[in-house]
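So the structure is just underneath, and the comments pick up after that.
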Amino acid sequence: MLYVVSSYTVSQEFKKSRYFRMSLGLVATVEKNGTRVYNQNDKFSHFYNQLYKTTIYGQGNVGDIRFYVDHYINTDDFVIYTDDFQEFIFKLDKLVIREKGVDFYLGSLLKEIEERYDERVKENELKKAQPKPEGNPNLIFQNPGNVKYEDLKAYLEEKNKSRYL
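Residue 32 is where the sequence shown starts when you use our numbering, and the numbers rise one by one after that.
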């Protein structure tokens with residue numbers, strides 16, 4: 032599932048797709064205990080509201096791509112979010128839409144997002160694979176001005192080991 036958040040004018044371009052189906056989404060607020068609270072049933076809308084403190088309005092979908100409008104976006108930029116809420120920012124390419132159509136443009140966006148997402152996953156795996164630096168517990172006594180967090184952690188671990196001996 033992908034989520035596209037854009038300005039109203041950009042969403043009008045996406046609505047020109049022959050696969051676009053109008054669906055206004057869920058209600059933004061619900062009544063609970065006599066007051067209006069934000070609806071938590073639409074997980075993405077709730078996430079976006081918590082992140083940017085603004086309400087987005089559902090417009091429809093093309094297959095598994097849901098389109099939302101944020102009226103505070105004033106540019107031709109739009110953001111595509113994945114299921115795990117990673118964001119990818121794009122600028123609307125009106126020339127491609129005019130020459131090849133909206134459906135082609137959406138297909139090219141899907142391909143690009145898939146490539147970028149795979150790159151991010153690989154980068155995150157590389158970051159996790161890098162070994163963490165080992166601390167020197169004796170550095171606290173030798174040079175206390177040059178102590179790092181790893182050194183303190185190693186010192187405390189050593190101290191805890193010797194405490195129970």
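Where is the CB? At the ideal position from N, CA and C, for every residue including glycine.
Report the option in ILE120, PRO175 and VAL36 whose CA atom is closest to the CA atom of THR85. The sequence position of residue 85 within the sequence shown is 54, counting from 1. For the residues ILE120, PRO175 and VAL36, the minimum Cα distance to THR85 belongs to VAL36.
Am I right that TYR99 and TYR83 are in contact with their C-beta atoms under 8 Å? What's the rounded C-beta distance? Counted from its first residue, the sequence shown places residue 99 at position 68. Counted from its first residue, the sequence shown places residue 83 at position 52. About 12 Å separates the two Cβ atoms, so there is no contact after all.
Unbroken stretches of the alpha helix (DSSP H), 4 residues or longer, contained in the stretch 84–147: 125–131
Do you know how far the Cα of VAL68 is from the Cα of SER38? The residue given as residue 38 occupies position 7 in the sequence shown. The residue given as residue 68 occupies position 37 in the sequence shown. Their backbone Cα atoms lie some 25 Å apart in a straight line.
The alpha helix (DSSP H) with TYR180 in it runs from where to where? By 1-based counting over the sequence shown, the position of residue 180 is 149. Residues 180–194.
Contact with chain C by THR86, beta-carbon distance below 8 Å: Among the chains in the structure shown there is no chain C, since it carries only a single protein chain.
Taking PHE121 as the reference, which of VAL127, ILE104, LYS131 and LEU140 has the closest Cα? Reading the sequence shown from its first residue, position 90 is the one you call residue 121. Residue LEU140 is the option with its Cα nearest to PHE121.
When the Cα atoms are used, what is the spatial distance from PHE172 to LYS153? Here residue 172 refers to the residue found at position 141 of the sequence shown. Here residue 153 refers to the residue found at position 122 of the sequence shown. Going by the C-alpha atoms only, they are around 40 Å apart.
Between which residues of its own chain and THR113 is the CB-CB distance below 7 Å, once the five residues before and five after are set aside? If you number the sequence shown from 1, residue 113 lands on position 82. Same-chain partners within the cutoff: LEU33 and TYR148.
With a threshold of 6 Å on Cβ separation, who are the neighbours of SER42 within its own chain once the five nearest residues in sequence on each side are excluded? Position 11 of the sequence shown, counting from 1, holds the residue named residue 42. So the qualifying residues of the chain are GLN90, PHE98 and VAL100.
Quick one: is ASP182 buried, meaning 16 or more other Cβ sit within 10 Å of its Cβ, or exposed? Position 151 of the sequence shown, counting from 1, holds the residue named residue 182. Flag for ASP182 reads buried.
For GLY94 and SER48, I'd like the C-alpha separation in whole angstroms. Counted from its first residue, the sequence shown places residue 94 at position 63. Counted from its first residue, the sequence shown places residue 48 at position 17. For GLY94 and SER48, the distance between alpha carbons rounds to 11 Å.
Quick check: what's the CA-CA separation for THR106 versus GLU188? Here residue 106 refers to the residue found at position 75 when the sequence shown is read from its first residue. Here residue 188 refers to the residue found at position 157 when the sequence shown is read from its first residue. Roughly 53 Å between the two C-alpha positions.
Indicate whether ILE111 and PHE119 have their beta-carbon atoms separated by less than 8 Å. The count along the sequence shown starts at 1 and reaches residue 111 at position 80. The count along the sequence shown starts at 1 and reaches residue 119 at position 88. Taking 8 Å as the Cβ cut-off, ILE111 and PHE119 qualify as a contacting pair.
Span separating the alpha-carbon of PHE45 from that of GLU143: Numbered from 1 along the sequence shown, position 14 holds the residue referred to as residue 45. Numbered from 1 along the sequence shown, position 112 holds the residue referred to as residue 143. For PHE45 and GLU143, the distance between alpha carbons rounds to 17 Å.
Could you check which residue in PRO162, LEU55, THR40 and SER54 has the C-alpha nearest to that of ILE104? As a position in the sequence shown, residue 104 is number 73, starting the count at 1. Of the listed residues, the one whose Cα sits closest to ILE104 is THR40.
Would you mind working out which of GLY176, LYS63, ASN80 and GLU62 sits nearest HIS102, comparing C-alpha positions? Counting from 1 along the sequence shown, the entry for residue 102 is found at position 71. Of GLY176, LYS63, ASN80 and GLU62, the residue nearest in Cα terms is ASN80.
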